[in-house]
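Asks: What follows is a single structure, and I will ask about it in a moment.
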Amino acid sequence: MTVIAPPSRPPALSPSRASDFMQCPLLFRLRTVDRIPEPASSAATRGTLVHSVLERLYDAPAGERTPAAAQELLPVEWERLQESDPRVKELFAPGGDAESEGVDNWLDGAGRLVSTYFTLEDPNRLEPAERELRVETQLEDGPLLRGIVDRLDVKQDDGALRVVDYKTGRSPSPRFEGKVLFQLRFYGLVLWRERGVVPKMLQLVYLGDGQVLRAQPSAEQLEGAERKVRWIWSEIEKAARGETWEPRPSKLCDWCSHRSLCPAFGGTPPPIPEGAVQLRLGIV
């Protein structure tokens with residue numbers, strides 16, 4: 190019998206896990222409840238690397254945050270990433286997600302994304318208040334919400350907040366903007382509940398095609414985000430108590446590493462480890 194270790198922090202709902210559930214309840218279960226390991230992803234790993242470079246870039250004083258300095262950080266952060274997550278080395282092994290690309294070409298791709306950042310913002314004109322900021326808030330009669338904000342800017346004269354998130358992919362078409370803004374509204378909601386201030390600006394920086402998506406949230410929009418979060422959580426509770434983690438097939442299934450366990454593709458999910466739902470979701 191698998192023994193589930195108690196979590197180091199109370200269970201919480203994050204934007205990524207909420208997105209998992211909306212995409213496919215079974216995917217949410219396998220990632221959050223069962224925590225079945227997934228192979229390293231080329232896109233996700235490159236995103237982690239680029240995020241690390243942009244975070245470290247602001248360690249340098251204004252005037253020294255140059256494109257050359259950022260490129261010099263790439264091999265440093267790549268070494269750090271390999272030490273912290275040994276799985277990433279599997280990317281370039283036979284059968285790995287980036288086997289055909291090779292390490293040098295893959296790193297060149299990360300370097301191009303970093304270069305694109307400098308066409309969208311001048312980091313020497315910015316002094317972020319926070320980087321990789323962990324935020325959380327407990328909703329009354331609802332879930333604990335938790336996430337990590339890539340960058341939080343605070344305007345000195347009036348204290349206005351700008352929430353910034355870096356994306357290494359391409360910007361979405363207008364009909365999918367609402368879906369991607371959900372993550373930022375989630376963060377805006379948490380900051381509002383914790384600090385009592387509605388963020389002035391939510392900003393998505395797309396390095397894949399050099400676009401910036403901005404939105405000025407209202408209290409009403411953040412209240413709408415809270416209603417959506419509460420609805421998602423109620424559906425998670427229903428699925429957990431009824432043990433009905435149904436698959437939701439879509440085009441995204443082509444990139445899912447759990448297809449072999451999915452009934453939609455002839456697979457069978459493993460039994461849920463005893464006590465996993467309570468320990469990892471806090472649902473009794």
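Residues 190 to 473, numbered by this note's numbering, are exactly what the sequence shown covers, in order. From the three backbone atoms N, C-alpha and C, an ideal C-beta is built for every residue, glycine too.
1. By DSSP, does residue 328 sit in helix, in strand, or in coil?
2. Quick check on residue 377: buried or exposed, where buried means 16 or more other Cβ atoms within 10 Å of its Cβ?
3. Taking only three categories from DSSP, how would you classify residue 302?
4. Which residues in the same chain have their Cβ closer than 7 Å to the Cβ of residue 242, if we skip the five residues on either side of it in sequence?
5. Using three-state DSSP, classify residue 190 as helix, strand or coil.
6. In this structure, what does DSSP give as the bridge partners for residue 475?
7. Compute the Euclidean distance between the alpha carbons of residue 425 and residue 248, then round it to the nearest angstrom.
8. Measure the C-alpha to C-alpha separation of residue 293 and residue 469 and round it to an integer number of angstroms.
9. Please name the residue, chosen from 275, 393, 200, that lies closest to residue 405 on a Cα-to-Cα basis.
10. Note the first and the last residue of the continuous alpha helix (DSSP H) segment covering residue 466.
11. Express the C-alpha separation of residue 329 and residue 409 in angstroms, rounding to a whole number.
12. Which word fits residue 334, buried or exposed, when buried means at least 16 other C-beta atoms lie within 10 angstroms of its C-beta?
13. Using alpha carbons as the reference points, say which of 275, 368, 402, 222 lies closest to residue 309.
14. With 16 other CB atoms within 10 Å as the buried threshold, where does residue 375 fall?
15. If I measure Cβ to Cβ from residue 412 and keep anything under 6 Å in the same chain, skipping five residues before and after, which residues do I get?
16. Counting beta carbon pairs with one atom in the region 279–286 and one in the region 222–234, are three or more of them shorter than 8 Å?
17. Buried or exposed: where does residue 384 fall if 16 or more other Cβ atoms within 10 Å of its Cβ makes it buried?
18. Quick one: Cα of residue 240 to Cα of residue 453, how far?
19. What first and last residue would you give for the beta strand (DSSP E) that runs through residue 475?
20. In whole angstroms, what is the alpha-carbon distance linking residue 354 and residue 422?
21. Three or more C-beta pairs under 8 Å: does that hold for the region 210–222 against the region 434–447?
22. May I have the straight-line CA-CA distance separating residue 201 from residue 398, to the nearest angstrom?
23. Helix, strand or coil: how does DSSP classify residue 206 here?
24. Between which two residues does the alpha helix (DSSP H) containing residue 355 stretch?
25. With respect to the alpha helix (DSSP H) encompassing residue 242, which residues constitute its N-terminal and C-terminal limits?
Replies: For this structure:
1. Within the sequence shown, the letter at position 139 stands for residue 328. The answer is coil: DSSP assigns residue 328 none of H, G, I, E or B.
2. Sequence index remark: in the sequence shown, residue 377 carries index 188 (1-based). Buried is the call here.
3. Locating residue 302 in the sequence shown gives position 113, where the first residue counts as 1. Here residue 302 sits in helix by DSSP.
4. Start at 1 with the first residue of the sequence shown, and residue 242 comes out as number 53. The residues are 259, 262, 263, 266, 303.
5. One-based indexing of the sequence shown puts residue 190 at position 1. No answer about residue 190 holds up, because its pLDDT of 47 lies below 50 and its placement is not dependable.
6. One cannot answer for residue 475 here, as it falls past the ends of the chain, which runs 190 to 473.
7. Start at 1 with the first residue of the sequence shown, and residue 425 comes out as number 236. Start at 1 with the first residue of the sequence shown, and residue 248 comes out as number 59. In a straight line, the C-alpha of residue 425 is about 40 Å away from that of residue 248.
8. The residue you call residue 293 lines up with position 104 of the sequence shown. The residue you call residue 469 lines up with position 280 of the sequence shown. Approximately 39 Å between the Cα atoms of the pair.
9. Position 216 of the sequence shown holds residue 405. Nearest of 275, 393, 200 to residue 405, Cα basis: 393.
10. By one-based count along the sequence shown, residue 466 stands at place 277. Unbroken alpha helix (DSSP H) run through residue 466: 465–470.
11. One-based indexing of the sequence shown puts residue 409 at position 220. One-based indexing of the sequence shown puts residue 329 at position 140. Near 18 Å, if we compare the C-alpha coordinates of residue 329 and residue 409.
12. Taking the sequence shown and counting its residues from 1, the one referred to as residue 334 is at position 145. Burial call: buried.
13. Within the sequence shown, the letter at position 120 stands for residue 309. Nearest option by C-alpha distance: 402.
14. As a first step, residue 375 must be located in the sequence shown, where it is residue number 186. Flag for residue 375 reads buried.
15. In the sequence shown, the residue the question calls residue 412 occupies position 223. Within the same chain, and ignoring the five residues on either side of residue 412 in sequence, no residue has its Cβ closer than 6 Å to its Cβ.
16. yes
17. Residue mapping note: residue 384 aligns to position 195 of the sequence shown, counting from 1. Flag for residue 384 reads exposed.
18. Sequence index remark: in the sequence shown, residue 240 carries index 51 (1-based). Sequence index remark: in the sequence shown, residue 453 carries index 264 (1-based). Each residue's Cα considered, the two are about 35 Å apart.
19. In the structure as shown, the chain begins at 190 and stops at 473. Residue 475 is therefore absent and cannot be evaluated.
20. As a first step, residue 354 is located in the sequence shown; it is residue number 165 there, counting from the start. As a first step, residue 422 is located in the sequence shown; it is residue number 233 there, counting from the start. Using only the alpha carbons, I get a separation of about 24 Å.
21. yes
22. Residue 201 sits at position 12 when you count from the first residue of the sequence shown. Residue 398 sits at position 209 when you count from the first residue of the sequence shown. Looking at the two C-alpha atoms, the distance is approximately 33 Å.
23. Reading the sequence shown from its first residue, position 17 is the one you call residue 206. The answer is helix: DSSP assigns residue 206 an H, G or I state.
24. Sequence index remark: in the sequence shown, residue 355 carries index 166 (1-based). Premise fails: residue 355 lies in the beta strand (DSSP E), 350–356, not in any alpha helix (DSSP H).
25. Start at 1 with the first residue of the sequence shown, and residue 242 comes out as number 53. Judged by DSSP secondary structure, residue 242 falls within the alpha helix (DSSP H) whose first and last residues are 231–246.
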